[in-house]
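Everything in the sequence shown is counted per the numbering used here, starting at 81 for the first residue and increasing by one.
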Amino acid sequence: DAYNKAVETWLTHPDLKAFKYILFVEDDIIVPFMPNSFGPLIELYKHLETYDVASGLYWTKGEPSLPLIYGDGNRDAWMPFAVNTNWKPGDVVKVNGCGMGFTLMKRSIFEDSRLEKPFFKTVTENINGKTEGFTQDLYFYNKITALGYTICVDTAIKCGHLDLQTEIIY
């Protein structure tokens, strides 16, 4: 609900209408200092010339810790990227989904009349006896990739993912 409310405010508030992008930064993400660039936000911004959504890389909390990037840009592939060895650290990779911990998106996605609300939703369903589910991020990405929008993860932007209980950074 917080994601939906934030986006609705951004889309409808008169003082925010001029802003073309929205940056999501979650409270358990540590954005890196990047001395050899203009910074991680500018790096994400540069990717929006080619993609509609750009994200930094971060990993799941717990063991084994896996990169929060899904698919390889092929609409039918949602396998976690840890299984796919076609990328290496530092690559900018086209994906079907990723986390939203440090993610920049174009306003035009949300203004597309084909995109139904709610934009974000956590879903758990029983489909043919098997539990299927999406967290709010993958639910959103599934919807926008079906509409032809593209997503990338810049694996050079290595964000920390803080487990608030253990204070371990993944």
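We treat Cβ as the ideally placed atom computed from N, Cα and C, and that holds for glycine.
Through-space distance from Val203 to Phe270, alpha-carbon basis = Residue 270 is absent from the model: the chain starts at 81 and stops at 250.
inquiry  = Assuming contact is defined by CB atoms lying nearer than 8 Å, are Ile231 and Leu137 in contact in what I supplied?
reply    = Translated into positions along the sequence shown, residue 231 becomes position 151. Translated into positions along the sequence shown, residue 137 becomes position 57. Against a cut-off of 8 Å, the Cβ pair of Leu137 and Ile231 comes out as no contact.
ask   = Do Trp139 and Thr235 have their C-beta atoms within less than 8 Å of each other?
value = As a working note, residue 139 is residue 59 in the sequence shown. As a working note, residue 235 is residue 155 in the sequence shown. Result no, Cβ atoms of Trp139 and Thr235 do not sit closer than 8 Å.
task = Please state if the CB of Leu128 and the CB of Leu184 are separated by a distance shorter than 8 Å.
result = On the sequence shown, residue 184 is found 104 positions in, with the first residue counted as 1. On the sequence shown, residue 128 is found 48 positions in, with the first residue counted as 1. It is a contact, given that the beta carbons lie within the stated cut-off.
Cβ-based neighbour list, Tyr219, same chain, cut-off 6 Å, excluding 5 preceding and 5 following = Within the sequence shown, residue 219 is the residue found at index 139, counting from 1. Excluding residues within five positions, the ones whose Cβ falls inside 6 Å are Lys201, Val203.
inquiry  = In chain order, what are the residue ranges of uninterrupted beta strand (DSSP E) at least 3 long that sit wholly in the stretch 187-219?
reply    = 203-207, 210-214
query = My guess is that Ile109 and Ile249 are in contact by the Cβ rule of under 8 Å, so how many angstroms apart are they, rounded?
reply = Taking the sequence shown and counting its residues from 1, one reaches residue 109 at position 29. Taking the sequence shown and counting its residues from 1, one reaches residue 249 at position 169. Actually they do not touch by this definition, with Cβ atoms about 10 Å apart.
query = Closest by CA to Asp217, which one among Val133, Pro115, Leu121, Leu124?
reply = As a first step, residue 217 must be located in the sequence shown, where it is residue number 137. Measuring from the Cα of Asp217, the nearest candidate turns out to be Val133.
message = Which runs of the beta strand (DSSP E) at least 3 residues long sit entirely within the stretch 84-148? Give them in chain order.
response = 101-105, 133-137
task = Measure the C-alpha to C-alpha separation of Val163 and Phe190 and round it to an integer number of angstroms.
result = Position 83 of the sequence shown, counted from the first residue, corresponds to residue 163. Position 110 of the sequence shown, counted from the first residue, corresponds to residue 190. Its pLDDT being 49, under 50, Val163 is placed unreliably by the model, and the measurement read from it follows with that caveat. Their backbone Cα atoms lie some 31 Å apart in a straight line.
ask   = Are Tyr125 and Lys186 closer than 8 Å when you measure CB to CB?
value = What you label residue 125 is simply residue 45 of the sequence shown in a count that begins at 1. What you label residue 186 is simply residue 106 of the sequence shown in a count that begins at 1. No, the pair does not count as a contact, with Cβ atoms beyond the cut-off.
request  = Could you pull out every residue in the same chain whose Cβ sits closer than 7 Å to the Cβ of Pro169, ignoring the five residues on either side in sequence?
outcome  = The residue labelled residue 169 in the question sits at position 89 within the sequence shown. Cβ within range, chain order: Thr235.
Alpha-carbon to alpha-carbon, Gly181 and Asp152 = Indexing the sequence shown from 1 puts residue 152 at position 72. Indexing the sequence shown from 1 puts residue 181 at position 101. Cα to Cα, Asp152 sits roughly 19 Å from Gly181.
inquiry  = In the DSSP output, what is Met180 paired with across the bridge?
reply    = Numbered from 1 along the sequence shown, position 100 holds the residue referred to as residue 180. Beta-bridge pairing links Met180 to no other residue.
key: Inter-residue spacing [alpha-carbon to alpha-carbon] between Asn39 and Leu244   = In the structure as shown, the chain begins at 81 and stops at 250. Residue 39 is therefore absent and cannot be evaluated.
key: Beta-ladder partner(s) of Leu242, from DSSP   = By 1-based counting over the sequence shown, the position of residue 242 is 162. In DSSP, Leu242 forms a bridge with Ile249.
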